[in-house]
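Data first, discussion second: the structure below is written as structure tokens.
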Amino acid sequence: MPSMAGAARPDAVTEAGRVAGSTQNGVDRFLGIPYAGDTGGANRWRPPQPVAAWSGVRDATQFSADCQQEPPYTPPGGSPWSAEYFPTRPMSEDCLSVNVWRPAGAGNANHPVMVWIHGGGFAGGSGSVPLYDGEKLAARGIIVVTINYRVGIYGFLAHPALTAEAGSSGNYGLMDQVAALRWVQNNIANFGGDPKRVTIAGQSAGAASVHAILSSPKADGLFIRAIAQSGSGMGIPSLPLSDAEVRGQKVMDAAGVTGIAALRALSPEQLAKAAKDPSVGPPGLRFFPITEPAILPNPERQRQDIPVLTGLTTDESSNGPDWHLTTSVKLNDLIDRRFGAQAPSFRPFYQGSDGQEAGEAAKALLREQATASMLIWAQPRQPGAAPVYAYLFQHPQPGSDPARFGTFHSAELPYVFATLDKSTRPFTKADHDIAATLGQYWANFVKNGNPNGAGLPDWPVLANGRVMGLGDRTGVIEPLSPAKRQAYSAFVASGGKLGLF
Numbered sequence: 003m004p005s006m007a008g009a010a011r012p013d014a015v016t017e018a019g020r021v022a023g024s025t026q027n028g029v030d031r032f033l034g035i036p037y038a039g040d041t042g043g044a045n046r047w048r049p050p051q052p053v054a055a056w057s058g059v060r061d062a063t064q065f066s067a068d069c070q071q072e073p074p075y076t077p078p079g080g081s082p083w084s085a086e087y088f089p090t091r092p093m094s095e096d097c098l099s100v101n102v103w104r105p106a107g108a109g110n111a112n113h114p115v116m117v118w119i120h121g122g123g124f125a126g127g128s129g130s131v132p133l134y135d136g137e138k139l140a141a142r143g144i145i146v147v148t149i150n151y152r153v154g155i156y157g158f159l160a161h162p163a164l165t166a167e168a169g170s171s172g173n174y175g176l177m178d179q180v181a182a183l184r185w186v187q188n189n190i191a192n193f194g195g196d197p198k199r200v201t202i203a204g205q206s207a208g209a210a211s212v213h214a215i216l217s218s219p220k221a222d223g224l225f226i227r228a229i230a231q232s233g234s235g236m237g238i239p240s241l242p243l244s245d246a247e248v249r250g251q252k253v254m255d256a257a258g259v260t261g262i263a264a265l266r267a268l269s270p271e272q273l274a275k276a277a278k279d280p281s282v283g284p285p286g287l288r289f290f291p292i293t294e295p296a297i298l299p300n301p302e303r304q305r306q307d308i309p310v311l312t313g314l315t316t317d318e319s320s321n322g323p324d325w326h327l328t329t330s331v332k333l334n335d336l337i338d339r340r341f342g343a344q345a346p347s348f349r350p351f352y353q354g355s356d357g358q359e360a361g362e363a364a365k366a367l368l369r370e371q372a373t374a375s376m377l378i379w380a381q382p383r384q385p386g387a388a389p390v391y392a393y394l395f396q397h398p399q400p401g402s403d404p405a406r407f408g409t410f411h412s413a414e415l416p417y418v419f420a421t422l423d424k425s426t427r428p429f430t431k432a433d434h435d436i437a438a439t440l441g442q443y444w445a446n447f448v449k450n451g452n453p454n455g456a457g458l459p460d461w462p463v464l465a466n467g468r469v470m471g472l473g474d475r476t477g478v479i480e481p482l483s484p485a486k487r488q489a490y491s492a493f494v495a496s497g498g499k500l501g502l503f
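Encoded structure:
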């Protein structure tokens, strides 16, 4: 519980004013600190604006509102994610805030910092999601910062009129992330953090955001390490600016208004209705990062000087439509869809004559193409480049229909943050032991750029397709045979695209 009334409360000074937080279990927490101004009204679809200064002491014991978003999409047949994976706060366009956890009394310390970028398909999510509570990680001697950023149509709408207004458009959510990193540079020392030792980290869309930040010249100098979880792979999901502008015009047409001022004046309900109009695009991801000159001019830009910790779960695709194929005809169709003209090179790897065999082959394909995507993105390093530490998490969560979903997308989160207690799942001592191992690996990487440390199995640098297996068994594994690695590399070299799903 927060500190009792009358007891000394932890405080810190930011550029905009003083904040007072609370202390729990040996960790100070400061919640809902604004790093940028209200994004509503005239500021909708503009770069993040400065925070207005306040007088006195701002209470920082409650999370801010979550950024405006639609309810989470639930695929047909349900999903493996339970309530602790989703935002719980009221929504507002006045939402750009950070939350800070630090070891208690660390105001004059110099701790390394992990800045966490939430997932949610660029359509939802929040830095206040229960799984991201930074208390247990901060207790390991680091500072944890979680952030809100604009999502969905608020974060990634492009339109010709917006481009004419500012020289580019879209990527407001990425602009927010960069602004949050600048806030950390300018303020975290007053919380006991070292602005010269910042690690960016995220999962799913947050991992794709890490990739984008690694690619963005606007973020150079704002961090020195990177962690990309359950979303690591080749390429950032991105649209060319011209295509995104066409989509933005369809939104305006669906809304029945003319001009950006009129679009900015729409209520969230009106905007949501226009965004979901069938003319805008198929259901699912409609608004996500855009290749444009302001923030993301070259999504393929690689940083060779940044140590990276990256990895996947074994069953990233288990919530997708291809996971439960039941015939060899559908399996062959999947291979054709994934590999096109190079399908014959992959067919020998994924064969099944009956329903069960075809289903297992389809699962193997989906697992292995995700792994190949991660390896091909992470592996090519120049001589003298910073190290990459790669993992594959293999541990189905209890109570998540493991026979159906396996080790599903983002299943590692409660183990990394040691937030098993935020869930009603029947976790066991084995789960808590896994959490202790992952938490120490992650904290070590944030501190040193290397996950290894006393009492932990050795985690080697990624080489020759060998990664660290985490979860049910901790040790080095080779998830893809050399023949498969060669086939996937040839596919990519010919212009083929790989992803997680």
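Anchor point for the sequence shown: position 275 equals 277 in the numbering used here, and the numbering is continuous, going up by one each time. Quick reminder that beta carbons are idealized off the backbone N, C-alpha and C, glycines included.
First through last residue of the alpha helix (DSSP H) which encompasses residue i
i	result
residue 441	431-450
residue 255	243-257
residue 378	357-380
residue 395	Counting along the chain, residue 395 falls outside any alpha helix (DSSP H), though it belongs to the beta strand (DSSP E) covering 390-396.
residue 102	First-last for residue 102: 99-105, but that is the beta strand (DSSP E), not the alpha helix (DSSP H).
residue 494	484-495
residue 404	404-407
residue 472	No alpha helix (DSSP H) contains residue 472, which is instead part of the beta strand (DSSP E) from 469-473.
When the options are compared against residue i, the one with the closest alpha-carbon
i	options	result
residue 63	21, 297, 81, 90	21
residue 377	468, 218, 460	468
residue 1	486, 312, 93	Past the edges of the chain, shown from 3 to 503, lies residue 1, and the structure says nothing about it.
residue 123	239, 186, 27, 183	239
residue 305	361, 216, 294, 232	216
residue 40	67, 57, 60	67
residue 330	421, 356, 279	356
residue 28	89, 103, 92	103
residue 496	487, 59, 344	344
residue 307	387, 475, 96, 437	387
residue 205	197, 341, 347, 118	118
residue 60	500, 18, 38	18
residue 98	233, 178, 222	178
residue 137	490, 422, 489	422
residue 279	301, 465, 250	250
residue 325	475, 406, 127	406
residue 232	443, 319, 453	319
residue 265	89, 365, 293, 159	159
Proximity below 9 Å, CB of residue i to CB of residue j
i	j	result
residue 397	residue 413	yes
residue 36	residue 15	no
residue 481	residue 373	yes
residue 203	residue 176	no
residue 316	residue 247	no
residue 391	residue 310	yes
residue 1	residue 190	Residue numbering for the chain in the displayed model covers 3 to 503; residue 1 lies beyond these limits and cannot be assessed.
residue 101	residue 195	no
residue 173	residue 366	no
Boundaries (first-last residue) of the beta strand (DSSP E) holding residue i
i	result
residue 61	59-61
residue 133	Looking at the DSSP string, residue 133 is not in any beta strand (DSSP E), and its letter there is neither H nor E.
residue 114	113-119
residue 478	477-479
Suppose only complete runs of 4+ residues qualify. What are the alpha helix (DSSP H) ranges in the region 3-42, listed by chain order? none
What are the uninterrupted segments assigned as alpha helix (DSSP H) that are 4 or more residues long and contained completely in the region 259-324, given in chain order? 262-266, 270-277
Contained alpha helix (DSSP H) runs [length at least 4] in the region 137-190, N- to C-terminal order: 137-140, 154-158, 162-168, 174-189
Does the region 258-274 come close enough to the region 227-243 that 3 or more CB-CB pairs lie under 8 Å? Taking 8 Å as the limit for Cβ pairs, the verdict is that the region 258-274 does not touch the region 227-243.
Would you call the region 410-428 and the region 445-462 touching, i.e. three or more CB-CB distances under 8 Å? Not touching, per the Cβ criterion.
Counting Cβ pairs, one atom from each stretch, are 3 or more of them under 8 Å apart for the region 106-113 and the region 34-54? no
4 or more residues per run - each alpha helix (DSSP H) lying fully within the region 190-227: 207-217
Can at least three beta-carbon pairs, one atom from the region 152-161 and one from the region 287-302, be found at a separation below 8 Å? yes
contact_flag[the region 253-269, the region 128-147] where n(CB pairs < 8 Å) is 3 or more: no
On the three-pair Cβ rule with 8 Å, is the region 481-495 touching the region 257-265? no
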